[in-house]
Structures are given as C-alpha cells and as structure tokens.
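> Quick one: this structure, given as structure tokens, is what I'll be asking you about.
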Amino acid sequence: MAVPAAVQLVDLALKATTAYERPDLAVRLQATRARLADPNVRVLIVGEFKQGKSQLVNALVNAPVCPVDDDISTAVPTEVRFAETTTVTLVRVPPGVADGAPLDSREPVEERTVVETSRLADFVSEAGNPENRAGLHHAEVTLPRKLLQSGLVLVDTPGVGGLGSAHGAATMAALPTADAVVLVSDAAQEYTAPEIDFLRSAMGLCPNVGCVVTKTDLYPHWRQIVELDKGHLRRAGVEAEIYPVSSALRLAGAETGDAELMSESGFAPLVGFLLRKVVARADDLDRRSTSQDVRAVAEQLSAQFTAELAALEDPGRAEALVEELTRAKARADDLRQRSARWQITLNDGVADLISDIEYDLRDRLRAVTREAEQLLDDADPADIWDQFAQWFHQQVSQATSANYVWTAQRARWLAEQVSEHFAEGADAALPEIHIDGSRLGGSVQALEQPEGEKFGIGQKLFVGMRGGYGGLLMIGLATSFAGLALLNPFSIAAGLLFGGKTVRDERKRQRERRRAEAKTAVRRHIDEVTFQVGKDSRDTLRRAQRQLRDHFTVLADELSVSLATSVAAAQGAVTSDVSGRQKRIEDLKAEISRVESLATRARALVDEK
Amino acid sequence: MSEHSTLRTPAQPVGLGAEVRTLLRRTIDVYADSPQAVGWLRHHLARFEEPLRVAIAGKVKAGKSTLLNALVGEEIAPTDAGECTRVVTWYQDAPAPRVQLFPRAGAPRQLTIARSQGALQLDLGGLPAEQVDRLVVDWPSQYLRTTSLVDTPGIASLSADAAARAGAFLAPEDSPSQADAVVYLMRHLHSTDVRFLESFLDRGVARATPVNTIAVLSRADEIGVGRLDALTSARRIARRYRADPKIRGLCQTVVAVAGLLAQTGRTMRQDEYAAMAALAGMPRAELDALLLSADRFANREVEGAPAPEVRRRLVERFGLFGVRLGTTLIRQGVTDPSALAAELVRRSGLEELRSVLATQFAERRELLKARSALLAVELVLQREPRPTAQPIAAEMERILAGAHEFVELRMLSALRAGTVTFPADALPDAERLLGGDGSGVAARLGLDAATGPDELRAAALDAVVRWQRRAESPLASRTTADAARVVVRSCEGMLARLR
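Here you go:
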C-alpha cells in the first residue's frame, strides 16, 4: 500500500537533493519512489482441492466471484483486486516467446480479454475449461470493496491433488513473489503430511504465512481439530497463526445484516491478519525502507555542513579534522574499487552459487532419469506411455521447484553476507532482492512420444514370409541332395519355423527400439530442462548479482561524494576570515537544523503508525 | 462361483475351491520338511474356512471406523475427531466379546473391555502403537459371521508409522496381502489415493485385478457442505468417478456413503428420536437459525428446544447434516423412530454399499479365497524352489489357466482397463455376463432375482447366440473374438447350472 506520508517525504527529500546540488543522492530516492508506486499486496490462497478456497475468497469480499461447486474445482488462478467497477479480465501468455533474446526484453507479451462478469465460471472452473484447455495464465477480477482498497490482492489458486503434484510445484514457484500465503484446510480433519511439508517450505520463501481452517459451521469438533493442528505446527517448527472460519456463516450474515452471525463466522481475526499483519507489514516495510533511505540522504547532506561547522568553530583542530575526513574518504573510495571485499564476496559467491545450483539441478534430474529408465526397462513403453509421461513431468517439476527454492534461499543468504562485508566499511541497509521464478522452465516443450512402427498383420506376414523363404530354401536345397524335392515336408516345416522366429525377433527388436527411443526422448527432455532451467536460474542469479552490485556501488559513490564535499568544506573554512566566519556559522547551523528536520520527519514515519 | 445357493447343482463335486484346497494339501506334503512353509500354508488352508476378510482402508479421517460401525450396526470401533485408529484392528465373529492384543514380540495378551456411551474403548494397555502388531476384537454379530472386517490406520497420516503399518498390512512388499478384498474410502480422489489403489493391485498370480477393490466416497454428507441435497451431489460425483476410465481400471465400482448417518441410523435410540421430534416441532425460522452452525446448535439457549447438552450429543451422533435431514423428515411426516432410522439408513447409501459388497465380495468368496491361497502357494514355490515341487507349479498353472473363474476375472479387468474393446453397446452386456454386476445367473442376465428358470434359460440361450455371432464375425479382431468366446463360455456355464 502506498503510504501517502512516505511519498510526500520522498518528494521533499528529492527537493532537498536538488537544492544542495547532490544529484547522486537523488538516484536512490527515485528508486524508492518507484517502489512505493506499486501498491499491491499479493496474498496466495493455497491448499488441497475441495477445502473451500474459492468460498473463502467469496466470503472475504462478500461477492460470488469465484465459482463454487461440490464436485468441480478451480482450474485457473483468479486474482481479486480493487477497482471502482466490477470487471473480469482473462490473461493469456502466449507460449514460445522468442528465446535467446537479451535478458529483460524477454518479458512475455500478455494477451488480455475483458469478458462479462457472469461468464467467469466458464473460464476458470474445470467444468467450463477442463485442464485449462483455453490456455489461460490467470483471470483478474476487480471489485469495489473496502477490504481490497488497501491494495490487497487475493489470489485463488487451483486446488491441487496432493500438494506434491505439478500444480503444487507451480504454486511453490509463485511463493517468493507473494507477500503472504494462506493455507486453507477444512475442519474435517487435522493436517496431513503433504500440508505440513508445504507449510515448512513456504515458511522459508514467504514472510507471512497464515493457516485457515474452514467450514467450522459443519463440524462440531472443529476446536479439537484446531488444537491438533496447533500441535502439528509446533512440532514442525512452523510459526503460523490458525484462523478457524465459516464462510457460510459470513455470507449468511452479510445477506441478513446479522452482526452476531458475522462475529460467529470468525472472519474478524482473519481480516485483522490480512490488514494488520500482511498489509501493515508491507506498509511497515515501505515506511521503514523509506525512512531509512531519507535518513541516510539527510545524514550525507548534513555531513558537509557539520564538517565545515566543526572546522569553523575550532580552527585549531581543523587540520586534524581534514585528515580524518580524508582517511574516511579513502576508505569509501576503497569500497568503490573492484577489489573491495564486498565485491569479491559477491562475485565469488555468485560464481559458487551458480555452480552449486547447477550441480544440484543436474543431480536431481539425474536421479529422475535413472528412475525413468528403470521404469522403461521394466515395461513396454507403448503400454505405459500416458502414465509414464504424467509421472515423469511430475518428477521433473518437483525436482526443479526444489532446486528453485534452494536457489532463492541461497541468494538471500549471499545478499546478507555481502551487506555484512560492505558494512565493515560503512553502514548500509540490505536491499530487497527480487527473485522471480514465475518463468521457471516455462518454455520447455513436453516430453515427446516416440513414434513406434506399426506392426500389423500385413507387416507380420511380410516379415514372416521373408524369414520363411530363407528357411525353406536352405533346408529344401540341403534335402534335395538326399533326392527330395525342393518343397518337401522338412523344408516347409523349416520355413514355418524360420518365419515364426523372424516375426518374434522382429517384435522383440521393435520393443527394444521403442525402449531405446523412449529413453532418448527422456534424456532429450531432461537435457532441455537442464539447459532451460539452468539458464533461467543462472539469469536469476545474475540479475540478483547486478541488483546487489548496483545497490552497493551507488551507496559507495554517495558516500565518497559526501566525504569529498565535507573535506572541501572543512578546508574552505580554514581560509575564511573572522567576520565572515561568524555569519557562516549561523548559516550552517540553520542548514543543519533544516536537514535535521527532514531526518526527524523520516524517524517519525516509522514511529507514527 | 458356486455361491449362488438357489441355483447350485448338487452334481458339482469339484469346484475351484476344492481344487485349490487339494493343491494346498499337496504343497504341504511336498514341503513337509520345511516348518516355515508348512506353517504358512496351513494358515492359508485354515483361512479357506474362515469368513471373507475385508479390509477397510483409506486416508486419515476418511471415516473408516465409522463405516465399519455402520456395517456391523454397533459402535464397536472407536471413533474420534482426531486421528484415532493407530493399529490394525481385526473384528471377527465369536460367541463372546473378547479383545486380544498381539505385540510384535511376545505372547498375545487379553485386554479388558470397556465401553463408554455404548462405544467400545480400545486401550493398548500402555504399550506404544509401534510395538503392537494387531488387535483382534471378537464380537458376537450377525454381519461379522460372513465377513471379518479389518480396520486400518490412515494413509498419508502425519504419524508416518501409522501410515506405514497400514501399507504393510494392505500392500506388503514381499507376500500376498492378508486381506481378501478391500473397501477403499476417500473423501475426494487425491493422487495419494490413486497411488495407493495402484499399489494394491498385486503382481503375479491373479494379475492386476481391480476385482477385489471397491471405492467408497465416504463422508458423503459433507461434500455439499451439509446441504440437504448433499447426498444427491455425492451420488453424482460417484457416478462421474465410475465412468472415469482411470478409476475403472483400479476398482470395481464407486459408491457414495454418508458413514456417520448410516452408523447413527443403525444405532438410533428412543431419546434421540424424542429430541429430534421436539426440534422438528419448533417454528421453522427458529430452527433454521439454530441449525446455521454446529456451534450455535450445541450451545445456544433457545426456549422450546431440548437442553443444550442433549443437542450437543445429538450433533455429535448425527452431524449437522443428520439433524437437518432428520428434522426435515419428521416434518414431512415420518413419525416413528424405526421409520426414521430406516429412512436415514436408506438415504445414507449404506444399503447400496451392502448390496455391492454382497454381489462383488460375498458371492465371489470362494474365488477371492482361492486367489489368496494361490498367491500363498506361489510365494512358497518362489522362496524355496525344489525339483519335487515341479508338478505343483504345473498344477497351479493349470488351475490358473483352466479355471474359467480366473479367465472371467482377467477378462473383466481387461475390459475395465480398456485393453480389450467392444462396441459401446456390447461392453456393458459383456461385463454383466462375465459377472461384473454379481455372479448369480439372474444378475448376469440382467434379470430380476425372482425370475423363473425357464425365462432365465431363454435369456441365457439368447445371450449365447448373440455372443457366438460376435465371436464368429469375420470382421472381429482376434482379441475381440477371443473375448467374445470367453463370454460365450460364461453363458454356457450358466446354461449348465440351469439344467
């Protein structure tokens, strides 16, 4: 959520940088301002299918946006966000966006179609759009609701059959881009193993995790289930709050305007979590980072004034001061050098990380290949292909998403290391690193089915005749020495025998060939996945590296410029005369108090909420 | 498949069961010097005489114990809101109630029987669940006389041990399963369910047969979030699953059952009916407001309604859906307790499940038992191969290949898996004639059970002719013609039985 106060403060600080002719400081503030301009706070609603995810979204916004059915599940993610009018937009990302183009120009072009509000169900539910044949990326619904006004975006995800499936992997990859995750599970039973596993890895990727237990109206024992769930969470080391809710009660309450029902529905704490924890946290982050940036700018602005003031007030110490400042500048300049310790940490770290991640990916995929080949060896690929392909895709997506989660965690750790090493030279805040995995391996084509040869009656006959002819001729000629005709019972029997054997051999050969082809297809696919995902994660890491480098270089530059002006100011102070000195001191004090007021406002931004 | 007693001809001395029994005895003779093999085979010989063993399996909290109680008609399996069954528990018929605990190591010990509010309490006597191999509950019961039930811990349980124990019982890695048939419960079809169903289809002797598995869409009342038409919804979903080729290849059929409703319907007490009737007598709007949520129903003070404790017990036993349905039925004019109980049971889908169990399992008892026994013999032959056992292996092969019952089973699974195809109109006919809907003659011919023998014979003759034509059709591919011949053979078998 864009905090108006934060935006105002940044604008003010920007004015100050122009006034004091420090455009180098403006760069950082402009970036801050751009970040504030994007107000969205994304909350992913995830869970196994038929747990009441869509109904939860409906109850939250009090409108039947997401289709709900006893049987049919959601097939396409639906984003619900704020707007003055109700609209439905379908977003399609065309496949096969040109590969090999430079990093950032590869952003896929989205196709957006606006449809009638009532037709949403035709596109997002399994009934209207089975297995997402329409190829939608997601649907966007806008609603005029107070809850959403704060920038909250609710994302209803397709229910997954067991969180370990292909859908689950996609959800996992979307996690780092979300501000919060809400795991939905109904009060019919306590958490199962896949749900706890999901929560455990979600904790590592997303700052805010909440658990919702739905359908409390239906189950008299929901309190017991919640207690059991709390125990499971504690044992798994997951720190997440559990919110028992009843969507049916909230919807019924909203319909009749019954406040008692609304409070019984248990939604108040959940809404509180969304607004006070999720939105407020995003808000808080905005405030804190803005305040920090502005304070840093104010500090650097005032540095030159304080240096000059100190030199003016105590000319005897001026020389020592200049010396001290020069030393500080030298240190700051060191930070700008390529040989600075943080630079080395960053470059080495990213290189190590890339090779580690690649090794990890290869290792995981190798295991999948091995298992796949074993499976193909045990059966005829023609018989098991469909099942096999499904299993294989699932394994691959699991391996890549696990690899990806690891990448994200390691990258974050590296950023902390770099910032620590930078801080040895100067104080610095850790930037937010954006790791985007939404395009992870997106352009890999599905596993190809090897084209088997047909072995119909005709071919069998032909192959059999070919073999039989040889046998007939061979034995016929041999027995003709014994005075028998070329066509005698022995030669005919031999012909049949040979023919049969050839057919059998041919069948076996074809099966072997199918196996070999299937294995080649598997290897080719794995190769392509390794290549694509490897490239994607390398790109991601390089992007992160560039971000970190730019961020810290800017910091170092600012520091160096500030110190240089401070040195100049202090040196200038020594040369000025006595009468001018008194006036200058007063001026400086005024300037310092002006900059100080900026810093005070920045501090207030954090405290006031 | 000689279970259909009314049509059983006395002149049928050697059935499949007799043959397999003889084979078991011969194998015991051959392996007389190996105590382990003899023990194993004797166990299986004894098992032949026992009632059919049906295991109830499914994910955690799928309602396995509740369904078991509903089938037996008594609350003998303990149920709870949390994960409850942690050890494999056998329920079998006996003259007197008794609970025995078989530890992994050591002698079995007897547990005291405790009941609270009519439900049996099973206390492991301080022994941790992982050290218990199984519990055996003896209970005098009509239902258990023909079928022993086995309650298993949930799959995908957070206590991985419990899940592993269930897996080891139902789909052991190294030996044939201890259960003859499985009722698999699921709330919705998850990938873990499919994986488990697949693993239950064993390899080897009787070759992947979905024949001994029935899937049940349990907790059907909760599918529609407790709305009055929830069961209709559940049946529709079950029908969809039944038509899904992937699921057809894994189990016989899918039935929707509201376990809690069935259990309570079968064990309903007079005071519960009285409370229900009092509720139904309240003004409509007040009752609806009360029934909005389980919490309201259990705690709210309302004038004219039964006391909150009574209501709390009621919602625990019936579920919110059960109370909604019960009061609606009373309003619609069901005015005596037994009629209400019967209606609740009827609506729960339990009857459908019982009839499916009867046709699919009880009538096939001999066959399923024979199958388990052959699996046991095969295991012995594999583990301890010896030259003197050669004739046994040959005999087993002969029974497998020769017994038409097995041929039918294989053909049924082939039809269900889609490896053999018939035109759409002939497929249901073929499945029915092969015994897919029940192995009795009338069921195979799709006629009423009370149909007279003359009519049955005429229908069977008709079927023979129809399928003979299909088998001899020059356009039929070889597999189709072979399959048609199997159907013809089944029809001829029916004619023989009718004679």
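Taken in sequence, the protein lines are chains W and R.
Letter 115 of the first sequence, counting from 1, is numbered 115 in our numbering, and no numbers are missing.
For any residue, its number in our numbering is found by taking its place in the second sequence, counting from 1, and adding 609.
Beta carbons are placed, not taken as given, at the ideal position from N, Cα and C, and that holds for glycine.
Keep in mind it's a predicted model, so treat the numbers as computed, not measured.
Applying a beta-carbon distance threshold of less than 9 Å, which residues of chain R neighbour residue 469 of chain W?
Translated into positions along the first sequence, residue 469 of chain W becomes position 469. The premise fails here: residue 469 of chain W is roughly 25 Å from chain R at the closest Cβ pair, so nothing lies under 9 Å.
> Note down, in chain order, each residue of its chain lying with its Cβ closer than 6 Å to the Cβ of residue 151 of chain W, except the 5 sequence neighbours on either side.
The sequence position of residue 151 of chain W within the first sequence is 151, counting from 1. If we look at residue 151 of chain W and ignore the five residues flanking it on each side, its Cβ neighbours are 1, 39, 40 and 41.
> Kindly confirm or deny that the region 280 to 296 of chain W and the region 531 to 549 of chain W touch, where touching means at least three C-beta pairs closer than 8 Å.
The answer is no - the region 531 to 549 of chain W does not touch the region 280 to 296 of chain W, with fewer than three Cβ pairs under 8 Å.
> Excluding the 5 residues preceding and the 5 following residue 740 of chain R in the sequence, name in chain order all residues of the same chain whose CB lies nearer than 8 Å to its CB.
Residue mapping note: residue 740 of chain R aligns to position 131 of the second sequence, counting from 1. Here the set comprises 712, 713 and 714.
> Taking 8 Å as the threshold (beta carbon to beta carbon), is residue 380 of chain W in contact with chain R?
For the purposes of this step, residue 380 of chain W is taken as residue 380 along the first sequence, with counting starting at 1. With 8 Å as the cut-off, residue 380 of chain W does not count as an interface residue toward chain R.
> Using a Cβ-Cβ cut-off of less than 8 Å, list which residues of the region 819 to 845 of chain R approach chain W; keep chain order.
Those residues of the region 819 to 845 of chain R that come within reach of chain W (Cβ to Cβ, closer than 8 Å) are 828, 831, 832, 833, 834, 835, 839, 842, 843 and 845.
> Between R/895, R/928, R/668 and R/904, which lies nearest to residue 912 of chain R when the distance is taken from Cα to Cα?
The residue given as residue 912 of chain R occupies position 303 in the second sequence. For the residues R/895, R/928, R/668 and R/904, the minimum Cα distance to residue 912 of chain R belongs to R/895.
> With respect to the beta strand (DSSP E) encompassing residue 1029 of chain R, which residues constitute its N-terminal and C-terminal limits?
As a first step, residue 1029 of chain R is located in the second sequence; it is residue number 420 there, counting from the start. Where residue 1029 of chain R is concerned, there is no enclosing beta strand (DSSP E), given that its DSSP letter is neither H nor E.
> Starting from residue 230 of chain W, follow its DSSP beta bridges and name the residues at the other end.
Within the first sequence, residue 230 of chain W is the residue found at index 230, counting from 1. According to DSSP, which records beta bridges pairwise, residue 230 of chain W is partnered with nothing at all.
> For residue 162 of chain W, does the count of other Cβ atoms within 10 angstroms reach 16, so buried, or fall short, so exposed?
The residue labelled residue 162 of chain W in the question sits at position 162 within the first sequence. Per-residue confidence for residue 162 of chain W stands at a pLDDT of 44, beneath the threshold of 50, marking its modelled position as unreliable; the derived number appears in the next sentence. Label assigned to residue 162 of chain W: buried.
> Are the region 69 to 77 of chain W and the region 128 to 141 of chain W touching, with three or more C-beta to C-beta distances below 8 Å?
Yes, the region 69 to 77 of chain W touches the region 128 to 141 of chain W.
> For a contact defined as C-beta to C-beta under 8 Å, what are the partners of residue 673 of chain R on chain W?
Position 64 of the second sequence, counted from the first residue, corresponds to residue 673 of chain R. Simply none; closest approach about 12 Å.
> Quick one: which chain W residues come within Cβ less than 8 Å of residue 669 of chain R?
Taking the second sequence and counting its residues from 1, the one referred to as residue 669 of chain R is at position 60. Chain W residues near residue 669 of chain R: 189, 190 and 192.
> Report yes or no: is there a C-beta of chain R within less than 8 Å of the C-beta of residue 252 of chain W?
Here the question's residue 252 of chain W lines up with position 252 in the first sequence. So yes, residue 252 of chain W belongs to the interface.
> Checking contacts by CB at 8 Å: is residue 750 of chain R closer than that to chain W?
Mapped onto the second sequence, residue 750 of chain R falls at position 141. Residue 750 of chain R does not count as touching chain W.
> Using a Cβ-Cβ cutoff of less than 6 Å, which residues in the same chain neighbour residue 694 of chain R once the five nearest sequence positions on both sides are dropped?
As a first step, residue 694 of chain R must be located in the second sequence, where it is residue number 85. Answer for residue 694 of chain R: 674, 760 and 762, listed in chain order.
> Between W/411, W/82 and W/291, which has its C-alpha nearest residue 607 of chain W's C-alpha?
Counting from 1 along the first sequence, the entry for residue 607 of chain W is found at position 607. Nearest of W/411, W/82 and W/291 to residue 607 of chain W, Cα basis: W/291.
> So, does the CB of residue 70 of chain W fall closer than 8 Å to a CB anywhere in chain R?
If you number the first sequence from 1, residue 70 of chain W lands on position 70. Yes, residue 70 of chain W counts as interfacial toward chain R.
> Identify which residue in R/667, R/873, R/642 and R/943 has its Cα closest to the Cα of residue 926 of chain R.
Translated into the one-based positions of the second sequence, residue 926 of chain R becomes position 317. Nearest of R/667, R/873, R/642 and R/943 to residue 926 of chain R, Cα basis: R/873.
> Can you tell which of W/400, W/360 and W/247 has its C-alpha closest to the C-alpha of residue 187 of chain W?
On the first sequence, residue 187 of chain W is found 187 positions in, with the first residue counted as 1. Answer by Cα proximity: W/247.
> For the region 1014 to 1027 of chain R against the region 646 to 653 of chain R, do three or more pairs of beta-carbon atoms, one drawn from each stretch, fall closer than 8 Å, so that the two count as touching?
The region 1014 to 1027 of chain R, when compared against the region 646 to 653 of chain R, does not touch it at the 8 Å Cβ threshold.
> Quick one: does residue 929 of chain R have its CB under 8 Å from some CB of chain W?
Translated into the one-based positions of the second sequence, residue 929 of chain R becomes position 320. Answer yes: the Cβ-Cβ gap between residue 929 of chain R and chain W drops below 8 Å somewhere.
> Please state whether the Cβ-Cβ distance between residue 1068 of chain R and residue 1056 of chain R is less than 8 Å.
Here residue 1068 of chain R is taken as the residue at index 459 of the second sequence, counted from 1. Here residue 1056 of chain R is taken as the residue at index 447 of the second sequence, counted from 1. Yes; because the gap between Cβ atoms is below 8 Å, this pair is in contact.
> Taking only the alpha-carbon atoms, compute the straight-line gap between residue 634 of chain R and residue 977 of chain R and give it to the nearest angstrom.
In the second sequence, counting from the first residue as 1, residue 634 of chain R sits at position 25. In the second sequence, counting from the first residue as 1, residue 977 of chain R sits at position 368. Straight-line Cα distance between these residues: approximately 18 Å.
> Between which two residues does the alpha helix (DSSP H) carrying residue 181 of chain W extend?
The residue labelled residue 181 of chain W in the question sits at position 181 within the first sequence. No alpha helix (DSSP H) contains residue 181 of chain W, which is instead part of the beta strand (DSSP E) from 180 to 186.
> Name, please, each residue of chain W whose Cβ falls closer than 9 Å to the Cβ of residue 924 of chain R.
Locating residue 924 of chain R in the second sequence gives position 315, counting from the first residue. The answer, in chain order, is 220.
> Can you tell me where the alpha helix (DSSP H) with residue 271 of chain W in it begins and where it stops?
Counting from 1 along the first sequence, the entry for residue 271 of chain W is found at position 271. From DSSP, the alpha helix (DSSP H) with residue 271 of chain W extends over 267 to 272.
> Is the region 401 to 417 of chain W in contact with the region 199 to 206 of chain W, if contact means three or more CB pairs nearer than 8 Å?
As far as the Cβ criterion goes, the region 401 to 417 of chain W touches the region 199 to 206 of chain W, which means the pair count is three or higher.
> Flag this pair as yes or no: are the beta carbons of residue 915 of chain R and residue 887 of chain R separated by less than 8 Å?
For the purposes of this step, residue 915 of chain R is identified with residue 306 of the second sequence, where counting begins at 1. For the purposes of this step, residue 887 of chain R is identified with residue 278 of the second sequence, where counting begins at 1. The answer is yes: Cβ separation under 8 Å.
> At least one CB of chain W closer than 8 Å to the CB of residue 903 of chain R: is that the case?
Counting from one through the second sequence, the residue named residue 903 of chain R turns up at place 294. Yes, because at least one Cβ of chain W sits closer than 8 Å to the Cβ of residue 903 of chain R.
> With 16 other CB atoms within 10 Å as the buried threshold, where does residue 219 of chain W fall?
Numbered from its first residue, the first sequence carries residue 219 of chain W at position 219. It counts as buried.
> Please decide whether residue 372 of chain W counts as near chain R, where near means a Cβ-Cβ distance under 8 Å.
Within the first sequence, numbered from 1, the residue matching residue 372 of chain W stands at position 372. Chain R contact via Cβ: absent.
> Residues in its own chain within less than 6 Å of residue 100 of chain W by CB, not counting five upstream and five downstream?
Taking the first sequence and counting its residues from 1, the one referred to as residue 100 of chain W is at position 100. Residue placement at residue 100 of chain W cannot be trusted, given a pLDDT of 38 that sits under 50; the coordinates are not used to answer.
> Between the C-alpha atoms of residue 8 of chain W and residue 31 of chain W, what's the straight-line distance to the nearest angstrom?
Position 8 of the first sequence holds residue 8 of chain W. Position 31 of the first sequence holds residue 31 of chain W. Cα-Cα distance, rounded: 14 Å.
> Run down chain R in chain order and give the residues with a C-beta less than 9 Å from the C-beta of residue 50 of chain W.
Your numbering for residue 50 of chain W matches position 50 in the first sequence. Result: 796, 797 and 832.
> Just list the beta strand (DSSP E) runs in the region 365 to 395 of chain W, keeping only unbroken ones of 3 residues or longer that don't cross its boundaries, in chain order.
You should have found no qualifying run.
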